[in-house]
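Colleague:
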Amino acid sequence: MAKDAGKKITIKLVRSHIARPAKQRAVLIGLGLTKVNKQVVRSDTPEIRGMINKVSHLVSVENA
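Our numbering applies: residue 59 is where the sequence shown begins, and numbers increase by one.
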């Protein structure tokens, strides 16, 4: 089990996914972000961080 398994981050969609490439929309759906200003709490894992890096211009991230 990972050392940082207990760490959580809050991800908020701050810009719309309209007129974005399909891959970016798929990443947002994978994160659970479907509407602007929606917030989700996810574990801070390398996989989630990689997804955030793909759409960093559309989301804001805070430590939960």
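Just so it is clear, CB atoms sit at the ideal spot from N, CA and C, and this is done for glycine as well.
Where does Val-113 sit, in a helix, a strand or coil, going by DSSP?
Modeller: coil
Colleague: Assuming Val-98 and Ile-69 make a contact with CB atoms under 8 Å, what is their CB distance in whole Å?
Modeller: 5 Å
Colleague: I'd like the span of the alpha helix (DSSP H) that includes Leu-86, first residue to last.
Modeller: 80 to 89
Colleague: Measure the alpha-carbon distance for Leu-116 versus Gly-64 and round it to whole angstroms.
Modeller: Within the model, the alpha-carbon separation for Leu-116 versus Gly-64 is close to 25 Å.
Colleague: Specify the secondary structure class of Ile-106 as computed by DSSP and reduced to three states.
Modeller: helix
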